[in-house]
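> Sharing a structure here in structure tokens format.
Residue numbers (this note's numbering): 71 to 173.
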């Protein structure tokens, strides 16, 4: 399958954003550049916790979302790197909205 070379800036919206939010990396109303490595590190940290500790350390995230964040974090990391973003790439912005409008 042909994949064109990366060019410009990538906006990570929808599931990408929700995953970063659940991992505590970006606030609900925030827009933030994150590297794939930051996603991976936060995922590993969350996935190393028991359910009891995770619920305590991520009090703003409901368990029904938090319990899926381990899978989602690894999934987002691998999607980004499979797209061709380097682990330390700083051209990915995680955002829920742009100019006041949801994506």
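Each residue gets a CB set at the ideal place from its N, CA and C atoms; glycine is no exception. Bear in mind that the values here come from a model prediction, so they are computed numbers and not experimental data.
1. If you scan the stretch 78-149 from start to end, which runs of the alpha helix (DSSP H) of 4 or more residues do you find wholly inside it?
2. Keeping to the same chain, check which residues put their C-beta closer than 7 Å to that of residue 113; ignore five residues upstream and five downstream.
3. Counting C-beta neighbours from all protein chains within 10 Å, is the total for residue 108 16 or more, i.e. buried, or is it exposed?
4. Check for me: the beta strand (DSSP E) holding residue 71 runs from which residue to which?
5. Relative to the C-alpha of residue 137, which candidate in 166, 160, 99, 117 has its C-alpha closest?
6. Can you tell me which of the three DSSP states residue 161 falls into?
In terms of the structure at hand:
1. Scanning the stretch 78-149 for uninterrupted alpha helix (DSSP H) segments of 4 residues or longer gives 85-92, 106-117, 121-127, listed from N- to C-terminal end.
2. The beta carbon of residue 113 sits closer than 7 Å to those of 93, 140, 143, 144, 147, all from its chain and outside the five residues before and after it, given in chain order.
3. The residue in question, residue 108, is buried, as its Cβ has 16 or more Cβ neighbours within 10 Å.
4. For residue 71, there is no enclosing beta strand (DSSP E), as DSSP marks it with neither H nor E.
5. Nearest of 166, 160, 99, 117 to residue 137, Cα basis: 117.
6. Here residue 161 sits in coil by DSSP.
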